[in-house]
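Report on one structure; see the data block that follows.
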Amino acid sequence: MTVSRRSFLASSGLALIGATAVKAGIPEAPIQSSPLMQPPLFPSSGPDYQPVVTLNGWTLPWRMNGDWKEFHLVAEPVVREISPGMKAHLWGYNGQSPGPTIEAVEGDKVRIFVTNKLPEHTTIHWHGQILPCGMDGVTGLTQPPIKPGKTFVYEFQLKKSGTFMYHPHGDEMVQMAMGMMGFFVVHPRDPKLHRVDRDFVFLLNAFDIEPGTYVPKINTMLDFNMWCWNSRVFPGIDHFVVAKNDRVRIRFGNLTMTNHPIHMHGYDFEVTCTDGGWVRPEARWPEVSIDVAVGQMRAFEFDAVYEGDWAIHCHKSHHTMNAMGHDVKTYIGVDQSDIKQTISRLIGGGYMPMGAQGMAEMGEMEMAAPDNTLPMMTGFGQFGAIEMGGMFSVVKVREGLATNDYKDPGWFKHPPGTVAYEVKDVGNRSSEAPRAPGSSSGPKPGDAQFKAVKPGAKKGHGHH
Ligand SMILES: [Cu+2]
Numbered sequence: 395m396t397v398s399r400r401s402f403l404a405s406s407g408l409a410l411i412g413a414t415a416v417k418a419g420i421p422e423a424p425i426q427s428s429p430l431m432q433p434p435l436f437p438s439s440g441p442d443y444q445p446v447v448t449l450n451g452w453t454l455p456w457r458m459n460g461d462w463k464e465f466h467l468v469a470e471p472v473v474r475e476i477s478p479g480m481k482a483h484l485w486g487y488n489g490q491s492p493g494p495t496i497e498a499v500e501g502d503k504v505r506i507f508v509t510n511k512l513p514e515h516t517t518i519h520w521h522g523q524i525l526p527c528g529m530d531g532v533t534g535l536t537q538p539p540i541k542p543g544k545t546f547v548y549e550f551q552l553k554k555s556g557t558f559m560y561h562p563h564g565d566e567m568v569q570m571a572m573g574m575m576g577f578f579v580v581h582p583r584d585p586k587l588h589r590v591d592r593d594f595v596f597l598l599n600a601f602d603i604e605p606g607t608y609v610p611k612i613n614t615m616l617d618f619n620m621w622c623w624n625s626r627v628f629p630g631i632d633h634f635v636v637a638k639n640d641r642v643r644i645r646f647g648n649l650t651m652t653n654h655p656i657h658m659h660g661y662d663f664e665v666t667c668t669d670g671g672w673v674r675p676e677a678r679w680p681e682v683s684i685d686v687a688v689g690q691m692r693a694f695e696f697d698a699v700y701e702g703d704w705a706i707h708c709h710k711s712h713h714t715m716n717a718m719g720h721d722v723k724t725y726i727g728v729d730q731s732d733i734k735q736t737i738s739r740l741i742g743g744g745y746m747p748m749g750a751q752g753m754a755e756m757g758e759m760e761m762a763a764p765d766n767t768l769p770m771m772t773g774f775g776q777f778g779a780i781e782m783g784g785m786f787s788v789v790k791v792r793e794g795l796a797t798n799d800y801k802d803p804g805w806f807k808h809p810p811g812t813v814a815y816e817v818k819d820v821g822n823r824s825s826e827a828p829r830a831p832g833s834s835s836g837p838k839p840g841d842a843q844f845k846a847v848k849p850g851a852k853k854g855h856g857h858h
């Protein structure tokens, strides 16, 4: 745990608040500098609950002041490691993007101080919460903007338990493109309601960061190149470590500009909560992929009865790749041998055309790249290159993990005889597999239809 604390006396907004109804000053604003998942923060006062864990994140500590739970968020520029090898200059809260997860209990009265250390004004909207209109955080509509250097306070009672988030509602396009957002979990007042053993949360966000640069392009609407969970991409995203037979909940919210079908292998599960509240048991149906639209939150649950290393990822295949390689042209089936000779002659040898047999080879290659970017397909498992990036992680279900042990247990030890394997003695059987009547086994490089296709002459090398 590397939470450092800075004195609230140094906070620039203190004088503003001192004269208002807030009597005991502003609670300190802890900051977090580690991009790794922090242990769950168990409640030290008030009703019991099973706290969540935030992928590559943490929960904001609070203090009690009378019957108010007080939190302090500081909106500020941050440096976020997207994955080892790449850092981004973002805006966030209390040292990180996303900001810390806020956790409280149904019925709690919360007082949330927001200090603005950005170069422009901001506000915070409490997405999904039922609250007085004037606490809704919409710049100009429900409150004046929080100017740089100023501190505002939001006070409301948590009307219901569930899954919520917070984000700015002023200069939104810029501030969300820069990474400003956070998770807000309200636990049921009855700790037995909706109880699970492990409860993971993360936000889906996306950035457009040119290879070799550090600041997201804030005007991008669709063509992002970093598809993130909590401002991290594979292989930098924490694994979901789960003990066998645990009841598990995974909650996520989408603050990108497109929808994401989140798919988990090895299990079926049910959506149990949306940003609108808990789904009644009789209204749930089984899924293996859950689409989450922009601005939505979803939570699904399952009993972790199957051990293994189970992939969990967005099913849009472009969202499981990183920056390098988005501009690669399609060369599948193209005979590039003449190009290799031509370009090798021009540049004095050493040119290697790529992609004629697909692009899996890129998952294993160390390509020359500018500083501060990530390869398109990366990461290794126990059987070789995983060939992924972006919104991808692994649910690791293991026998015998201690309660609240989230340490990486390593790769799954498959029981003998349970791993797909190569058949050595095929003979000429490979041509005997049944095919649909009248179909061929497909064209091959060198067939007439491929002879007509020539790759564009101006960009023969498959990546920038
Ligand atoms: Cu996606």
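Residue numbers for the sequence shown follow the working numbering, beginning at 395 and rising by one.
C-beta: ideal position from N, C-alpha, C; glycine also.
In this structure, DSSP gives Q569 a helical state, which the three-state scheme calls helix.
The beta carbon of G660 sits closer than 7 Å to the beta carbons of Y700, G702 and W704 from its chain, once the five residues preceding and following it are set aside; these are given in chain order. Residue burial is scored here from C-beta neighbours: H521 has at least 16 other C-beta atoms within 10 angstroms and is therefore classed as buried. When secondary structure is reduced to three states using DSSP, A498 falls in the strand class. The set of residues with any CB-heavy atom separation to ligand 1 below 5 Å comprises, in chain order, H654, C708, K710 and H713. Around F618, the same chain offers A600, F601, D602, T650 and M651 as residues with beta carbons nearer than 8 Å, after the five sequence neighbours per side are excluded. Across the structure, N822 and G573 are spaced so that their CA atoms are roughly 56 Å apart. In the structure shown, E475 falls within a strand segment according to DSSP collapsed to helix, strand and coil.
Comparing alpha carbon positions, the residue from C527, V499, V635 and I425 closest to V473 is I425. DSSP places E676 within a helical segment (H, G or I) once states are collapsed to three. Between the segment 812-819 and the segment 623-634 there are fewer than three inter-stretch CB-CB distances shorter than 8 Å, so the stretches are not counted as touching. For G528, the secondary structure class from DSSP, reduced to helix, strand or coil, is helix. Two segments are said to touch when three or more pairs of C-beta atoms, one from each, lie closer than 8 Å; by this definition the segment 584-597 touches the segment 440-450. According to the DSSP secondary-structure assignment, M480 is paired through a beta bridge with S477.
DSSP places T714 within a helical segment (H, G or I) once states are collapsed to three. In this model, T453 and P539 are separated by some 26 Å (Cα to Cα). Residue pairing of N459 in beta bridges, as defined by DSSP: W462. R626 sits in a strand when the DSSP states are folded into three classes.
When Cβ pairs closer than 8 Å are counted between the two stretches, the segment 419-437 is seen not to touch the segment 782-794, the count staying below three. In this structure T767 is in contact with A717, their Cβ atoms being roughly 5 Å apart against a cut-off of 8 Å. Between I506 and F465, the gap from beta carbon to beta carbon is short of 8 Å. Looking only at P526, T557, V579 and K511, the smallest Cα-Cα distance to I496 is reached by V579.
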